[in-house]
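Asks: Mind looking over this structure? Questions follow.
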Amino acid sequence: MKTRLIVIVCLLSVGFIAVICKLSYIMLINHQWYAEKARMQQVKTENMPTKRGLILDRKGRELAINLDMGSIICNPAEIPESEAQKVAAMLSSITGKDTRTILTKLNSDSRFCWIDRKVSPQVAERIKNSKIKGIALTSEVKRVYPKRSLASNIIGFVDIDNKGIEGLEKMYDKELTAPTEKIIAYKDAKGNLLSKGEMREIKGNNILLTIDEGLQYILEKNLDEAVKHWKASYATAIMMDPFTGEIMAMANSPSFDLNNPGMIKDKKIIKNRGITDCYEPGSTFKIIVGAAALEEGLVKPNARYDCSAGYIEVGGRRIKDAHRQGVLTFQEVIQKSSNVGTIKIGLSLGKERLYEYAKRFGFGEKTGIDIAGEVSGLVRPPEKWSGISIGSFSIGQEISATPLQILRAYAVIANGGLLVKPYLLSEIQSPDGATIYKTIPVARRVLSEKTAKNFNMILTTVTEVGGTAKEASIEGNQVAGKTGTAQKYDPLTKRYSKSNYVSSFVGFVPADKPRLALIVVVHDPRGHIYGGIVAAPVFRKIVGDALSYLDVPPDDLKNKNILVTSR
Amino acid sequence: MNGQCDRQILFIVFALVIIGLLAVYSSTSVITPELAEKQNGKAVQFFFLKKQLYALFLGVLLLLLLSRVNLRILKICALPVLVISLIVLLLVFTSLGISVKGATRWINLTLFSFQPSELVKLAMILFLAWYMSREAFKKDNFIYFIIPIGIMGIFQVIFLMQPDFGASISLAILTISMLLLGGVRLRFIGGVSFIALIAFTALLISEPYRLRRVTAFIDPWEDPLRSGFQLIQSYIALGSGGLTGVGIGESKQKLAFLPEVHTDFIFSLIGEEAGFFGASIVIILFCLLFYRGILIASKMKDPFAYYIACGTVLMITIQAIINFSVVTGLAPTKGLPLPFVSYGGSSLLISMMAIGLLINVSRYQESNALSQAEKIIDDKTLVNRVNHAKNIRNWQRGLGYTRCKAILCDQELFKKTL
């Protein structure tokens, strides 16, 4: 029996030796490899939590902020296959997501997946209480726009990973995004960090806009009303400080809720149409012709033009006035927006100078506003003009421009001859409020001060008795501006549409000391087409509200001398 | 009956228990949120250590008790103990049973829970020792061979119902080894092993998931997230330990990476924290225990004592080797604790009792050496003793009687022998 004991001893000894061998193979020979494996799973190089910078209006009011939201994550490895169906059904009932989508996630081979991100507090609470193994809640930062649709086209929005994908969120993504800093810490298998003390939050820079929340609201409210009233397809308005180029408000109607960009069906309404869409400016372009003639010394304000025929033939095309006029002075040509008179002025200027002035006023080139998607519009060089082009060009056809370009041309008149560069970003501030960057207004002279002043006076007559836009006049302050009514070019028939018009009014107020320049463009109004009837009242309402908001005193206050005595 | 108990064995066991307590404390003192939740938010830093210490206290008492019980009483008890262990084992299927992760292996004794499969092993040793040491036992007779196999079969069926493959395998190896030592015919053992192997293979193939789990140890990376996960984590723990380890208490794998780190996979934690050196010390301690135990057993003349010694030593050693093999990926993963080291009161208690029995028989042998001398001295021993006595006499002449008791003892023996 001794031999059997020896055999058993030998066998077990072999067992001990085998274990020692395997142990040295794992622990000595492959030590480096396993140590690396251990590091990979035990050490967590985690990004410090970051918060995107805020977007503030010119007075520091918040337009885009961050909220901490719960996100549901799961570790599919922890959920047994047998229970996956049950868990999926439960999650589906809480989150409202499709059971099958959740089930595929639960059965995936990874160790991490999102079930639902940035859920409402109620859903988060229910997940927390349900205590399903393998399902956990994590905190994520959600970008929230407290003013919902306000300035939606300007602000833009972010994707689920808080990366800007539209508007200023995209334009200034680099400034708004917090710099990533990594933290190295040990963690347990559930991902809990063992050293949380070093964590701190990193914030991105805040950006301060030139937009004024109040003015933006006034603009949007009135624009929405106008679109509804005129059953228009859409409308655009931009309000700018004519001296600096600061965009005080810029809106489209219809707009969308920034907190739910996924709900938008028509992607066109995301576009910032004030800069991305061109249209033929029509009569609003006539000021270029007029200002050029004045600047060149071709006319005096009281020069006379015979418009009694009611039409003029250029290159075989007969261009009519909307209403037949008699003999008009230069001033009246603009005031009454006579096509015949303007074309006559245009003819006396000639192709080259017309083109040159259009270019000088910034048409056919981008304004350089700091938001993505701007188009330059189209101004064809004179070589490519046909016989009728000079006539069309004078009255704002055969040229396409963005509303912002038109507004900028009017700002030239308002500010005494300077072409400004519009901008939206006023300042970049560090998270603690220190100014890092401040935009300095840029402008170049395109018109003499005298011409601008003279033309300013002419534009004030437009809103006076006898002008095309009496509707645009407001009580207390003189409005300088110009109507525009343009037929839309129909790409199907390759003709100007008989039913679709663009009605616009552009101007500035108060005329003698402008505080704001505003353009209102209504596309496809129904019922009336004239800028003086459709757009001018919108202009009046906006300007009326805006001037009160800005606390601009009436023009005649000084004349009546009541300011000092009555108070 | 006043023979010395074997101090070496006691020392080895003491060392293993201390290592075990350190490892259990290291692996359970870090409060992971999951464990805290299990304990209803109670402070769990010393929770496991305390329970282990209670079990150790009880274990030491039982060790002392069993080391002093007369072997005749043990012989009488052998069969009743086996029956009791069977009844206790069946209790897991009653309302007393506790199910953990789909396995019903524990019974709830209000104060503590107990794993009867551990008791079964010890009862089986006692039973086989008694059974094979009986005069009536005929090792060439198949009937005498098949009875213990049948009894083991009953236990195996219950183990598979629980299921507890670890206990099943270790009981099978233990029983076969003891029958082998008992001198039954090799072809009996070969035949039964062959049938068992076929049955086992059939059982595996019938359930593909079982086969996958069993074969996962060959290449754990094939399914690193499920069946291979535990073994990979064990590898990472051991491998990152390297030669000298990451430091006592510094294990990172215990942070919920390595499942069952405080019980079946405690050896990985030792390897991670104390490195190859520390792990080797544990293995060497088990080796020493094994050889020391076998040495004691080989000196036994009384068959019952011989079988008891062999059985207890084999039980502990087989469990240790299986546990080492599982942890190092030499054998498929199954739930089997490392004796003395792993957390778990039942295992510690039974291991301590086994050591108690071993010490008992070691004393039995020494104290009975004199009285049995006349009876069983064979020629070879006689010649040895005479030579020894001569040596002593020579030595006495040169150096006097200053050595120790053993020499005096030998002197008496010498007188008697001559």
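Protein sequence lines, in the order shown, are assigned to chains R and C.
The first sequence begins at 23 in my numbering and counts up one residue at a time.
The second sequence begins at 968 in my numbering and counts up one residue at a time.
Beta carbons are placed, not taken as given, at the ideal position from N, Cα and C, and that holds for glycine.
Owing to the predicted nature of the structure, the values given are computational and were not obtained by experimental measurement.
Leaving aside the five residues before and after C:Leu1337 along the sequence, list all residues of the same chain whose C-beta is less than 6 Å from its C-beta, in chain order.
Replies: On the second sequence, position 370 is the one that residue 1337 of chain C refers to. Note that C:Leu1337 scores 46 on pLDDT, short of 50, meaning its location in the model is unreliable and no value can be drawn from it.
Asks: Of all the CB atoms in chain R, is at least one closer than 7 Å to the CB of C:Tyr1202?
Replies: By one-based count along the second sequence, residue 1202 of chain C stands at place 235. It does: the Cβ of C:Tyr1202 has a partner Cβ on chain R nearer than 7 Å.
Asks: Sort C:Tyr1176, C:Leu1148 and C:Ile1116 by Cα distance to C:Gly1158 and report the nearest one.
Replies: Along the second sequence, read from residue 1 onward, the residue named residue 1158 of chain C stands at position 191. Answer by Cα proximity: C:Ile1116.
Asks: Could you list which residues in chain C have their beta carbon closer than 8 Å to that of R:Gln64, in chain order?
Replies: Reading the first sequence from its first residue, position 42 is the one you call residue 64 of chain R. The contacting residues are Lys1219, Gln1220, Leu1222 and Phe1224.
Asks: Of all Cβ atoms in chain R, is any one closer than 7 Å to the Cβ of C:Ala1272?
Replies: Against the second sequence, residue 1272 of chain C aligns to sequence position 305. Not one chain R Cβ lies under 7 Å of C:Ala1272.
Asks: Below 7 Å between beta carbons: does that hold for C:Met1282 and C:Lys1088?
Replies: Start at 1 with the first residue of the second sequence, and residue 1282 of chain C comes out as number 315. Start at 1 with the first residue of the second sequence, and residue 1088 of chain C comes out as number 121. Going by C-beta atoms, C:Met1282 is nearer than 7 Å to C:Lys1088.
Asks: Grouping DSSP H, G and I as helix and E and B as strand, with all else coil, what is R:Asp512?
Replies: The residue given as residue 512 of chain R occupies position 490 in the first sequence. DSSP places R:Asp512 in strand when its eight states are reduced to three.
Asks: With DSSP as the reference, identify every bridge partner of C:Asn1075, one or two as the case may be.
Replies: The count along the second sequence starts at 1 and reaches residue 1075 of chain C at position 108. C:Ser1080.
Asks: State buried or exposed for R:Met193, treating a residue as buried only when at least 16 other CB atoms are found within 10 Å of its CB.
Replies: By 1-based counting over the first sequence, the position of residue 193 of chain R is 171. Counting Cβ neighbours within 10 Å, R:Met193 comes out buried, since at least 16 surround it.
Asks: Show which residues of chain R have a CB atom less than 7 Å away from the CB atom of C:Ala1257.
Replies: The residue given as residue 1257 of chain C occupies position 290 in the second sequence. Looking at the sequence itself, residue 1257 of chain C is Phe, so the reference to Ala does not match. Neighbours of C:Phe1257 on chain R, chain order: Leu34.
Asks: With distances taken Cα to Cα, identify the nearest neighbour of R:Leu640 among R:Asp288, R:Lys520 and R:Leu113.
Replies: Limits of chain R in this structure are 23 at one end and 589 at the other, which puts residue 640 of chain R out of reach.
Asks: Can you find the residues in the same chain that come closer than 8 Å, C-beta to C-beta, to C:Leu1141, ignoring five residues on each side of it along the sequence?
Replies: Against the second sequence, residue 1141 of chain C aligns to sequence position 174. Cβ within range, chain order: Lys1088, Met1091, Ile1092, Gly1278, Leu1281, Met1282 and Ile1285.
Asks: By Cβ distance below 6 Å, which residues in the same chain neighbour R:Ile356 in space, the five residues on each side in sequence not counted?
Replies: Taking the first sequence and counting its residues from 1, the one referred to as residue 356 of chain R is at position 334. Cβ within range, chain order: Gly312 and Ile480.
Asks: With C-beta atoms as the reference, is C:Lys1219 less than 7 Å away from C:Val1228?
Replies: In the second sequence, residue 1219 of chain C corresponds to position 252, counting from 1. In the second sequence, residue 1228 of chain C corresponds to position 261, counting from 1. Going by C-beta atoms, C:Lys1219 is not nearer than 7 Å to C:Val1228.
Asks: Count the other CB atoms within 10 Å of the CB of R:Arg222; is the residue buried (16 or more) or exposed (fewer)?
Replies: Within the first sequence, residue 222 of chain R is the residue found at index 200, counting from 1. Classification of R:Arg222: exposed, given that the 10 Å Cβ count is below 16.
Asks: For R:Gly503, does the three-state DSSP call read helix, strand or coil?
Replies: For the purposes of this step, residue 503 of chain R is taken as the residue at position 481 of the first sequence. Looking at R:Gly503 - three-state DSSP - the assignment turns out to be strand.
Asks: At what residue ranges does the region 64-100 of chain R contain a whole run of the beta strand (DSSP E), taking only runs of 3 or more?
Replies: Correct list: 65-69 and 84-96.
Asks: So what does R:Glu449 bridge to, in DSSP terms?
Replies: Working through the first sequence from its first residue, we reach residue 449 of chain R at position 427. In the DSSP output, where bridge partners are listed per residue, R:Glu449 has R:Leu230 and R:Lys460.
Asks: Any idea what DSSP makes of C:Cys1044, helix, strand or coil?
Replies: Reading the second sequence from its first residue, position 77 is the one you call residue 1044 of chain C. Three-state result, C:Cys1044: helix.
Asks: Who are the near neighbours of R:Ile269 in its chain, counting only those whose CB is closer than 6 Å to its CB and skipping five residues on each side?
Replies: Mapped onto the first sequence, residue 269 of chain R falls at position 247. Once the five neighbours on either side are set aside, the close Cβ partners of R:Ile269 are Thr232, Met262, Pro444 and Leu446.
Asks: Closer than 7 Å between beta carbons: that is the criterion. Which residues of the region 25-52 of chain R meet it against chain C?
Replies: So the close ones are Arg26, Leu27, Ile30, Val31, Leu34, Gly37, Phe38, Ala40, Val41, Ile42, Lys44, Leu45, Ser46, Ile48, Met49, Leu50 and Asn52.
Asks: Within the region 151-198 of chain R, note down every full beta strand (DSSP E) run reaching 3 residues or more, in order along the chain.
Replies: If we require 3 residues or more, the beta strand (DSSP E) runs fully inside the region 151-198 of chain R come out as 157-166.
Asks: Within 7 Å (strictly less), CB to CB, does C:Ile1288 reach chain R?
Replies: In the second sequence, residue 1288 of chain C corresponds to position 321, counting from 1. Output row for C:Ile1288: interface = yes.
Asks: Identify the contact partners of R:Ile60 in chain C, using a Cβ-Cβ distance below 8 Å as the criterion.
Replies: For the purposes of this step, residue 60 of chain R is taken as the residue at position 38 of the first sequence. The identity of residue 60 of chain R in the sequence shown is Ala, whereas the question assumes Ile. Residues of chain C passing the Cβ test: Ile1203, Ala1204, Gly1206, Ser1207, Lys1219 and Gln1220.
Asks: Only counting the same chain, and skipping five residues up and downstream in sequence, which positions put a Cβ closer than 8 Å to that of R:Tyr327?
Replies: Here residue 327 of chain R is taken as the residue at index 305 of the first sequence, counted from 1. Around R:Tyr327: Val349, Leu350, Thr351, Phe352, Val355, Ser360, Val362, Gly363, Lys366 and Ile367.
Asks: How is the beta strand (DSSP E) around R:His251 delimited, first residue to last?
Replies: If you number the first sequence from 1, residue 251 of chain R lands on position 229. Taken as a continuous stretch (DSSP letters only), R:His251 belongs to no beta strand (DSSP E), being part of the alpha helix (DSSP H) at Glu235 to Trp252.
Asks: Need the endpoints of the alpha helix (DSSP H) that C:Leu1256 sits in, please.
Replies: Counted from its first residue, the second sequence places residue 1256 of chain C at position 289. That run of the alpha helix (DSSP H) goes Ile1233 to Lys1266.
Asks: Tell me, to the nearest whole angstrom, how far the beta carbon of R:Lys185 is from that of R:Lys73; I am working on the premise that it is less than 8 Å.
Replies: For this step, residue 185 of chain R is matched to residue 163 along the first sequence. For this step, residue 73 of chain R is matched to residue 51 along the first sequence. Not quite, the Cβ-Cβ distance comes to about 14 Å (not below 8 Å), so this is no contact.
Asks: Tell me the DSSP secondary structure of C:Ile1051 in three-state form.
Replies: Looking up residue 1051 of chain C in the second sequence gives position 84. Helix at C:Ile1051.
Asks: Are the CB atoms of R:Lys44 and C:Thr1300 nearer to each other than 7 Å?
Replies: Along the first sequence, one-based indexing puts residue 44 of chain R at 22. Along the second sequence, one-based indexing puts residue 1300 of chain C at 333. For R:Lys44 and C:Thr1300, no; Cβs fall outside 7 Å.
Asks: Look up C:Gly1157 in the DSSP assignment and say whether it is helix, strand or coil.
Replies: Within the second sequence, the letter at position 190 stands for residue 1157 of chain C. Residue state, collapsed to three classes: helix.
Asks: Use the C-beta contact count for R:Ser161: other C-beta atoms within 10 angstroms, 16 or more gives buried, fewer gives exposed.
Replies: On the first sequence, position 139 is the one that residue 161 of chain R refers to. Classification of R:Ser161: exposed, given that the 10 Å Cβ count is below 16.
Asks: Where does R:Asp567 fall in DSSP's three states?
Replies: As a first step, residue 567 of chain R must be located in the first sequence, where it is residue number 545. If DSSP states are grouped into helix, strand and coil, R:Asp567 belongs with the helices.
Asks: Which ranges would you report for the alpha helix (DSSP H) in the region 1115-1175 of chain C if only whole runs of at least 4 residues count?
Replies: Correct list: 1132-1149 and 1153-1173.
Asks: If you check the beta carbons only, do R:Ile450 and R:Asn129 fall under 7 Å apart?
Replies: Stepping through the first sequence from its first residue, residue 450 of chain R is reached at position 428. Stepping through the first sequence from its first residue, residue 129 of chain R is reached at position 107. For R:Ile450 and R:Asn129, no; Cβs fall outside 7 Å.
Asks: Straight-line CA distance for R:Leu241 to R:Ala557?
Replies: One-based indexing of the first sequence puts residue 241 of chain R at position 219. One-based indexing of the first sequence puts residue 557 of chain R at position 535. C-alpha separation (whole angstroms): 13 Å.
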